[in-house]
Amino acid sequence: MTHLDLNLNPFFVPPSLPDHLLRLKSRMSRQWAAGWLILVAFGTALSPFVMSDQRNLLSILVAALALPAIVLLRLPMRNDLAWSAATMAYLIVVELLHGGGRNFTSVGYTGMFVLSYVAFCGTLYTGAVTRQRLITLLGWLLYAYAGVAMLQFVCSSVGLPVPNHILSKETWSYNSLGVEPSHAARAVAFTLLAYLILKRWNGPAWTLGEVWQREKRALAAFTISLILSGSSLAVGILPLTILMALRLRWLMVGFAILVVSWPFLETVEADSIHRLVAFITALPSLDIMALVQADHSGALRVMPLIIFLQSAKIGDVSVWLGGGYEAINYYIQGRLIGVGEDASAAGFIPGYVMICGIIGSFLFCHTFILRFVNGQTIPLILLWVIILANSAWNSQIFWYTLIILRAVHHFSGMPAHAGRPAVRRAGP
290 MTHLDLNLNP FFVPPSLPDH LLRLKSRMSR QWAAGWLILV AFGTALSPFV MSDQRNLLSI
350 LVAALALPAI VLLRLPMRND LAWSAATMAY LIVVELLHGG GRNFTSVGYT GMFVLSYVAF
410 CGTLYTGAVT RQRLITLLGW LLYAYAGVAM LQFVCSSVGL PVPNHILSKE TWSYNSLGVE
470 PSHAARAVAF TLLAYLILKR WNGPAWTLGE VWQREKRALA AFTISLILSG SSLAVGILPL
530 TILMALRLRW LMVGFAILVV SWPFLETVEA DSIHRLVAFI TALPSLDIMA LVQADHSGAL
590 RVMPLIIFLQ SAKIGDVSVW LGGGYEAINY YIQGRLIGVG EDASAAGFIP GYVMICGIIG
650 SFLFCHTFIL RFVNGQTIPL ILLWVIILAN SAWNSQIFWY TLIILRAVHH FSGMPAHAGR
710 PAVRRAGP
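Written out as C-alpha cells, the structure reads:
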C-alpha cells in the first residue's frame with residue numbers, strides 16, 4: 290500500500306507523537322501560559338487586586354512565582370540573568386552600605402520584577418512565545434482597554450456603578466485597565482507601537498495611509514482609550530505614538546505641523562489640551578512654580594529632576610556611585626510643591642540616579658534598554674524615554690514596557706516563521 294493509500298484509507302490511524310515530543314509540547318504550552326500571564330498581569334490592573342497605595346497584588350503574586358516558574362518550566366536565562374544579577378547586586382550593595390537593609394522591601398520588589406523579566410525572556414528563547422502569539426495578545430490588550438473604557442463611559446453617563454474604577458476623576462477621566470488614566474495611556478501607547486512594529490515583519494516603516502488601511506481597528510481602539518482617559522499626557526501621546534510608527538520624514542512633518550498650529554492650540558478650551566500646552570510652554574524655563582500653575586500633575590513628575598539638577602554637585606561621590614534610598618529624602622523631602630511635607634517620591638529619573646548614582650543607573654539602562662538598540666526598537670526606546678523614564682521603577686507598567694521592548698528586539702531580524710515551536714507529527 291502506498292503512502293497516498295494510507296492517508297486515504299478510512300481505517301488508517303496516524304502514528305501519535307512520541308512521548309518525549311508530547312512532553313515537550315506540554316511544557317511549551319505551560320511556558321506560553323507563563324509568558325501570557327506575566328504580560329497580562331503587568332499590562333492590566335483589576336480593581337479587586339489593587340490596594341490603596343496602588344500596589345497590584347496580582348502582579349506581585351505573578352512576580353513572586355517567577356523563580357519557581359524558571360525552575361519548573363526549565364526556562365533558559367542566557368545573558369539576561371547575568372546582566373540582571375549584576376544590576377541587582379549593585380542595588381543591594383548600595384542599600385547595605387547606606388541603608389543597612391532598612392529598604393529591603395523595595396529592593397525585594399525590584400528583584401521580583403527582575404525575575405519576572407528573566408522568566409519572560411526564557412519563554413522567548415524556548416519559542417513558546419512566538420511573534421504571532423505576541424501580536425495577537427497585544428491586539429487583544431488594545432481592544433480590552435478600549436472596551437473597558439467605553440463601558441466605564443456608558444455606566445458613568447447613565448448613573449450606573451463604574452466597573453474597574455480605581456483612580457480616576459469624574460466624566461472623561463477613565464482609568465480603563467490601568468491603575469489611573471495616565472497609566473492606561475502609557476500602557477496603550479507602548480502596546481500599539483510594539484504591535485505595529487511587529488506587524489510589519491522587519492520591513493520598512495509604513496506610511497500613515499498604510500497604517501490606516503491595515504490597522505483601522507487597532508488605531509480606533511488606541512484612540513478611544515486615550516480620548517476617554519481625559520489625561521493631558523494622553524493628548525500628547527496620541528499623535529506622538531502614531532508618528533513614532535511611521536517613517537522618519539513623518540516625524541519632521543508632524544513637528545512642522547505642531548509649530549504652525551501652536552498658536553491655535555493655545556486658544557483651545559478643552560481642559561486636557563489647555564493643560565498640556567501650558568505645561569510644555571513652561572517646561573523650558575525649569576520654573577517649578579510656573580509648571581505647577583500650568584499642570585500640577587505633570588509638574589510632580591518633573592519636579593524631582595529639576596530639584597536634583599539644581600542641588601546635586603558633580604564632584605560628589607554619591608552622585609556617581611549612589612547614595613542609597615535615603616538620598617531621595619535628602620534631595621526631595623519637603624521640597625515638592627502641593628504635597629505633604631514628608632513626601633519624597635521620585636521616578637526612575639532621577640530617583641534611581643539618587644539611589645545608585647550615574648554608574649548604577651547606566652548599568653540598569655544597559656541591562657534593560659541599551660543592549661537592545663536597533664532599527665526596530667529605536668522608536669520604542671524614544672517613546673519610553675519620553676513617557677516612562679520618570680515613572681516609578683517598582684510599578685507594573687514600568688516593567689511591562691521593558692518586557693515588551695525585550696520581546697520586540699528578540700524578534701527583530703528574524704524571518705516570519707522564526708520562533709515557532711519545532712514540534713512535528715511523526716511519520717512520513
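The sequence shown runs 290 to 717 under the working numbering.
Beta carbons are placed, not taken as given, at the ideal position from N, Cα and C, and that holds for glycine.
Just so we're clear, the structure is a prediction, and the values are computed from it rather than from any experiment.
Contact check, residue i vs residue j, beta carbons under 9 Å
i	j	result
Phe402	Asn683	yes
Leu535	Leu487	no
Ile644	Gly611	yes
Glu555	Val566	yes
Val351	Val468	no
Gln582	Leu456	no
Phe687	Ala696	no
Tyr484	Ile424	yes
Gly627	Asn679	no
Pro365	Tyr414	yes
Ile670	Leu328	no
Ser607	Gly646	yes
Leu335	Leu347	yes
Leu361	Met439	no
Val437	Pro452	yes
Ala435	Ala510	yes
Gly640	Leu380	no
Thr656	Thr399	no
Neighbourhood of residue i by C-beta, 8 Å cutoff - its chain only, sequence neighbours within 5 removed
i	result
Trp321	Thr412, Ala417, Val418, Arg422
Leu672	Ala478, Phe479, Leu482, Leu529, Thr530, Met533
Pro493	Arg536
Gly604	none
Trp731	With the chain running from 290 to 717 in the structure shown, residue 731 is simply not present.
Ile359	Met366, Leu404, Val407, Ala408, Gly411
Leu370	Val407
CB-CB length for residue i against residue j, believed under 8 Å
i	j	result
Ser521	Arg564	4 Å
Ser373	Val407	6 Å
Trp539	Leu497	6 Å
Leu239	Met592	The requested residue 239 does not occur in the structure, where the chain is confined to residues 290 to 717.
Gly781	Leu598	As shown, the chain starts at 290 and ends at 717. That puts residue 781 outside it, with no answer to give.
Pro552	Gly519	With 8 Å as the limit, Pro552 and Gly519 do not qualify as a contact, their Cβ atoms being about 24 Å apart.
Leu430	Gly332	6 Å
Bounding residues of the alpha helix (DSSP H) (the contiguous stretch that carries residue i)
i	result
Asn368	367-387
His585	585-600
Leu404	393-415
Tyr619	615-621
Gln257	Shown here, the chain extends from 290 to 717; a query on residue 257 therefore has no answer.
Ile569	560-571
Asp699	With the sequence shown as reference, residue 699 is identified as His, and Asp is not the correct amino acid for it. First-last of the alpha helix (DSSP H) with His699: 685-700.
Ile455	Counting along the chain, Ile455 falls outside any alpha helix (DSSP H), and DSSP gives it neither H nor E.
Phe661	Unbroken run through Phe661: none, as it is neither H nor E.
Ile675	667-676
Thr512	505-518
Trp609	606-610
Ile680	The sequence given here has Ser at residue 680, not Ile. Careful: Ser680 lies outside any alpha helix (DSSP H) and carries neither H nor E.
Cutoff 7 Å; reference residue i; Cβ partners in own chain excluding five residues on either side
i	result
Ala433	Leu466
Leu515	Ala474, Val477, Ala523, Ile526, Leu527
His585	Gly627
Gly388	Gly613, Tyr614, Glu615
Met290	Low confidence applies here, because Met290 scores a pLDDT of 45, under 50, leaving its location unreliable and the question unanswered by this model.
Pro395	Residue 395 is actually Ser in this sequence, not Pro. These residues qualify, in order along the chain: Tyr614, Asn683.
Leu311	none
Ile638	Leu594, Ala678, Asn679
Ile596	Tyr620, Ile621, Arg624
Ser318	none
Asn296	With a pLDDT of 45 at Asn296, under the threshold of 50, the modelled position of this residue cannot be trusted, and the question is left open.
Ile667	none
Val383	Gly611, Gly613, Ile644, Cys645, Gly649
Residues of its chain near residue i, where Cβ-Cβ distance is below 6 Å and the 5 sequence neighbours each way are ignored
i	result
Leu589	none
Glu504	none
Asn345	Ala334, Phe338, Val339, Gln685
Gly543	Leu532
Cross-strand partners of residue i (DSSP beta bridge)
i	result
Val339	Asn345
Trp495	Leu535
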